[in-house]
Ligand SMILES: Nc1ncnc2c1ncn2[C@@H]1O[C@H](COP(=O)(O)OP(=O)(O)OP(=O)(O)O)[C@@H](O)[C@H]1O
Ligand SMILES: Nc1ncnc2c1ncn2[C@@H]1O[C@H](COP(=O)(O)OP(=O)(O)OP(=O)(O)O)[C@@H](O)[C@H]1O
Ligand SMILES: [Mg+2]
Ligand SMILES: [Mg+2]
């Protein structure tokens, strides 16, 4: 029991170490705060947003930002602030879910390719080559078209197009880790492949995966927004930021705030993710910092 | 070296095959009947059926795919369902613009990004470094299409100094190039910075300091060239992205490039165009990758000997970068 | 005394881009139970490879490995082999999973081989092992990176001991350590051997270490054994030119002796697709025509002293 | 990229010879009309073909008006006037004889003859793109009597025939050119008799034309014309405002006001020939129940809808086609009465609400209609799930009768009630699926009646009947507008969205 | 000392800290030594003793941040290096003092040819045309036993021993007065090490260069050095000529080092190592840094660190036993 506690404490101390380093990086903390704030907004959207995101008040269409509508209203008289807040939910959901499924698939493929090598490696790497030979946007659009529209399908499209990056990162890291003596040590004490991959290799390549993932969520959000912008994303009245931008772009001349706020929301979220991801990379890999 | 090039080209063949198969399969299972789309909803079922037969859409999956492959091998990418023009001709019409735009954007990104990254690295933790890196981050985090819209709003509408769309002269290139290269500039600057920081720590840099060499030469002669491999890699990736992925920019600036063309083709179920386009982009990508690999050899003698000695597995350097 | 391990014409070739790399090329030797066989040679001569092939971490290309008179060359189920034969690695920095605590590292072999019934027993065993190798119990929950090289090497020893093996390959276990720490570890290993009757195959490139710890020494050059004999014999009656050069190259920490030096020319040649002939011929000061044409075999020139050199055993082979 | 590069180079050269350099063209359009010889107009989409028997895109027709010509035209008073045909005569209800001009040549120099006219009209009858208008033409027996005399035979009396012939859909092609080039190549580089001849088509970017030297009629005000394809509506209006183009088609509603107020630009707007309505799939649950259909209609606050979606630039639809077309009768709109809607739904068994799929595709009008309708129907307990699909999927689903509710905004090809009611024939694949023979009977009757008064009566009855059945819900008759630079004159508003660019005069 | 003009290097109380997030690493704590022209000093110590840091300090190459030269004096040829300007340093490094770094595998720039790298230092310090510089570079290469045809090859085409020789060629190219060699042979095999050491001996004689040989191998010292300084935890605990250290060992730490070495000549059953571990330089114990491990520890050792005591002429010990 006490042993277990201690063990926990020791594990925590490793996390602690990372956190301690991270804390020193002001930009990373700023990014984390931004991110947490946006997550908080997403979680409490029902409570804090001043209006329902789909409430159309025809008498108040296209209103300039005011105290009543801090970000103004859109052409249907919907409160843009509320939509941006709800949009956080959608965009984060897309970002996180699609990325984590893509990352999972990519990691498994990458680990298999890197660890077993040979034919597995060739096949998997050719497969990622294939995916990478098609531009991401076009690949995502093709997938979204094949699957049809909708949130889930958009997420699938985004997640498939994020597989190759992960597969490559994981494969490369697996290759370096695999050659380290502790893997051989594990073989020497009779550990099986499964144990080696999950107990020995994975924990040690987590850092690049986490970093890639943090940065990738941002990319995923932007990619999903581009899909929406091109008309392949989310169905109305879902307030996805890219879709909001796309719908508002006809009004960019006079009702600039309709374009401005969703754009800023995307920017801020991705900025937060990137700052945090950069900081995390430095914190996880102290070698990188002189 | 030649052997290396040939082997590399041979390796891309299965990838290209895979690309065609993947796209073909995706398109095969996509909703929407191209024949119906071509004829419009006033056409009768019979007319549609005749057209389907003509286009070979009633053949089995395998038949269609083999027919397509046979065509490709013969150098025939098929004809566009929509315009009836050979796909190769349609693609050639656009590829020039796409390549030119991608090249300009990448050049621009390199010219801005590398010096910015170097300054940032040399003056690590200074105000210049912080500002450059924050700008770079903004470049990455700003959605591309948003930036494009904002540029148009500012330069064309408010200031009316730049044409809003089209590509009919030097002035027309300015905004598309800026908006396509924003991400590249940022990525290149960041990569340059981190790669330089990595290299600056190396022993051989200390060796040249110990020789009494000046910082300027150390940075530009010793460090930069060593830092170049990962930078070249991201330049390549960015170039590839702007070759095929500038869809949104093309839409905003009404540029008849390959990306928008492909997206329209996907939407119109114009299978031959989709296939041909993806194939051509994939070929461009592999040529690009080959060029980058050769560039590596040019920059790094270790890689050069590696190529000369054997032609297998040369991506290591690239993947590590 | 019984032979614990016997190796016959063992070969290990690696496929590389440039050709077939003969890392271990026809090696014969045997180790008696409870003894230490020292293996010395320059970097890249195949010491580690030999060690790994012997305990089946790598599959051999050819030859036979007999452990306790049983042929284990092609045994599929390696579980018993793992329990009988262990390895201690050179690099105390990379041979531990940085994400595992000391107790997890030492306990892992026990978990894998299900040698403890429950957590409590596992914990006890781990504490026992840590005690044996002189690690303070409070370190149980530390991580390897928090420790110094000497302590880490103790973890490596504890991990190897966990399964209570008979035979341990020590792959340069002290090369990365400072002399003062190195001495501590060497003493520990000797103590353990005495207590538990371990058999060591001790790989190193440091001749003074190998002399100190081994009963028998085997000198390797480019995948082959060039000389093998009892430890003192090697230093008193050095026969092979390479061994001679090696011995003379060692800088000794005394200022009294002025020894005659035997500088070798050039560097170790590539083990890829080696040509027939003595592999040392290119660097050998005494090489003759025959040396570059015929590969010398390992012959017993005096009781227990084996050498592979044409100059030492001139009459055995007809060209 | 060698080829693309060359092309681009040539382009800037050829524009250069016409109007010095690009920059100067821009300032030309803005300030100095004198010497202006080039017309640039912006289309909102790229036509697949310029051959009007190969597509139905109004953008293609707009370009086509410069290249192709019809046998007859309609003047501002609504009178049919001679054009390529000098005169014509109804021999009987199904036979018309046209005397053609003898001085007309195609752009390749060959003579335009009755042979070409017969070929063109016969093609119209069988092309799947123009069948709805020309299906009454007897393609077998329509033939040239002599070099310049054409005998047009109809299969049955067809009232809108003159309207159809005067519309761009009846424009004349070159038989020889089309047959030798092949229909697809011809569509990409057409040869016809119009004042401008096709010169170049840069795929995805622009179509270029220049004055045809051998044109029989009056020369146009410009000797060069460029149709640019600018899909983004904001980009189109910006180009117009900054002088990058002379005319911008299909302006977004949000841009109208600014174009109108800008002293440099002119907004030409008016009632269009399009109407917009909600399609209900009448052979699908629950829309086979008239109470549900009516409830949905009652639940729509059309006034707000028109305000929001069309930004006021439309009138509420009071019937099934626009008032300016023969036989229009005000039968609606259905009053806005959510209470009644709820009652009807409850009666139909949907007191606890109802969930329906609404299909739309990404389009500046389609999506907003969907969003507003979704919000309004929600008030009466109908949950709408909007499915945004692309045109291909939509077409596919339509064919298979899978579209439950959708929005449609067709533009009538010709100003005739028969064409205006084009969604109603029972054989149509559009997902209205009403299968009502009475509707078909009335349509057939209207079609074969030449007398306008009688026709109006038949269509009046049809509109009443349709309203009583509520097979679909008419929403609005949107206005249309295009913008021009201030120095463009002579251009009249075109309800069909296809302005007659030949009328342009520079001021 | 009396003949000051013959003293090339004069180091007093050199103290260098690394100021890191995790605390202040006291890497070098007030070391002092002199070096005459033509003399070779062996600087011996275990990992982390501060040898490299001291050497970098002499070159003014301490990475800053985190390194800081806290105090001390480094006088070379009468000039105080710690006061030198940037410009003076460029002339000093590579010309007056040059350094061979620990790891030959990484000390050479992988993308420049070996010839370029040797010529670079020549061009920096000697007014020579490009051709002349390359000529001299090829001479240097021959000198270290590498055929000059290999001038235009890249480092990766060389073996470890050859790379180390190239590094030596670079260091000696401008005929420096002082050569600092930081474990130049640690990464090499013994046979190659013997070759390199022989080469260095030869070159040192030829050019009459003073040298500081950093190593942890007491054997290497006897091969090449005149004087030895034993470092422990950033301090020199014992120094003197070879005889003083090897035959007349005084400091308990030095004794421990010798006891830890397995010997080729005499067979012992067990070695007699120093117990415990080197202290963490970020957290040095009070008093004598060695006292926790010292077999001769006295109570006073825990509180006070001895001063440097000259027990015989030129033989200094820093231990309370000898104060
Ligand atoms: N997995 C492998 N694939 C290819 N070549 C290998 C592999 N492992 C070892 N080698 C090669 O086999 C040869 C012998 O290597 P080995 O590691 O056994 O040498 P060693 O004597 O242990 O050297 P060191 O003293 O440097 O540890 C070397 O040339 C090495 O490059
Ligand atoms: N850049 C640095 N930042 C922080 N601490 C450092 C740095 N460089 C060295 N140190 C610390 O300073 C102390 C002395 O290091 P130094 O490299 O001088 O030792 P050394 O005697 O050369 O050891 P070795 O034999 O391993 O080369 C060590 O504890 C080391 O961890
Ligand atoms: Mg080894
Ligand atoms: Mg050091």
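Chains as they are written, first to last, in the working numbering: chain L, 26 to 315; chain D, 1376 to 1696; chain C, 31 to 349; chain W, 1371 to 1877; chain A, 31 to 353.
From the three backbone atoms N, C-alpha and C, an ideal C-beta is built for every residue, glycine too.
Predicted model, so just to flag it, every value in this text is computed and none were measured.
DSSP places residue 345 (chain A) in the uninterrupted beta strand (DSSP E) bounded by 345-347. Contact check for residue 1455 (chain W) and residue 1436 (chain W): beta-carbon distance about 20 angstroms, past the 8 angstroms limit, so the pair fails to qualify.
In the three-state reduction of the DSSP assignment, residue 1416 (chain W) falls in the coil class, being assigned neither a helical nor a strand state. For the options L:307, L:304, L:299, L:282, the alpha carbon positioned closest to that of residue 95 (chain L) is the one of L:282. For residue 297 (chain C), there is no enclosing beta strand (DSSP E), as DSSP marks it with neither H nor E. Leaving aside the five residues that flank residue 1427 (chain D) on each side, the residues in its chain whose CB is nearer than 6 angstroms to its CB run, in chain order, 1410, 1433. Beta-bridge pairing by DSSP links residue 1844 (chain W) to W:1647.
Approximately 39 angstroms separates the beta-carbon atoms of residue 241 (chain L) and residue 85 (chain L); this is outside 8 angstroms, ruling out the contact.
Taking C-beta separations shorter than 7 angstroms and ignoring five residues to either side along the sequence, the partners of residue 295 (chain C) in its chain run 313, following chain order. The alpha-carbon separation between residue 1680 (chain D) and residue 181 (chain A) amounts to approximately 16 angstroms. Taking 9 angstroms as the CB threshold, residue 208 (chain C) lines the interface with chain A. Using a Cβ-Cβ cut-off of 9 angstroms, residue 234 (chain A) does not count as an interface residue toward chain C, since no Cβ of chain C sits closer than that to its own. Rounded to whole angstroms, the Cβ separation of residue 235 (chain C) and residue 220 (chain A) is 7 angstroms, and the two are in contact under 8 angstroms. Between residue 1562 (chain D) and residue 1609 (chain D), the CB-CB gap stays under 9 angstroms. Interface criterion met: the Cβ of residue 143 (chain C) is under 9 angstroms from a Cβ in chain L. Using a cutoff of 8 angstroms, the CB of residue 233 (chain C) counts as near ligand 3, since one of the ligand's heavy atoms is closer than that. Here DSSP, grouped into helix, strand and coil, assigns residue 1756 (chain W) to strand. Looking only at D:1398, D:1533, D:1629, the smallest Cα-Cα distance to residue 1543 (chain D) is reached by D:1629. Assignment of residue 258 (chain A) by DSSP, reduced to helix, strand and coil, places it in the strand class. For residue 93 (chain L), there is no enclosing alpha helix (DSSP H), as DSSP marks it with neither H nor E. Residue-level contact by beta carbon holds for residue 1626 (chain D) and chain W, with a gap shorter than 9 angstroms. DSSP lists W:1577 as the beta-bridge partner residues of residue 1571 (chain W). Counting only residues of its own chain and dropping the five nearest sequence neighbours on each side, residue 1568 (chain D) has a CB closer than 6 angstroms to the CB of 1492, 1495, 1496. Under the Cβ distance rule, residue 218 (chain L) does not count among the residues neighbouring chain C, no pair being separated by less than 9 angstroms. In this model, residue 1420 (chain D) and residue 1547 (chain D) are separated by some 46 angstroms (Cα to Cα). Taking the CA atoms as reference points, residue 131 (chain L) sits about 5 angstroms from residue 188 (chain L). Note on geometry: alpha-carbon atoms of residue 1593 (chain D) and residue 67 (chain A) lie some 31 angstroms from one another. Close CB contacts of residue 1837 (chain W) within its chain, under the 7 angstroms cut and outside five residues either way in sequence, are with 1701, 1702 (chain order). Residues 242, 245, 246 of the same chain have their beta carbon placed closer than 6 angstroms to that of residue 120 (chain L), with the five preceding and five following residues left out of the count. Secondary-structure assignment with DSSP links residue 110 (chain A) through a beta bridge to A:105. Listed along chain A, the residues sitting closer than 9 angstroms to residue 239 (chain C) by beta-carbon distance are 292. Distance from the Cα of residue 1732 (chain W) is smallest, within the candidate group L:64, L:102, L:290, L:272, for L:272.
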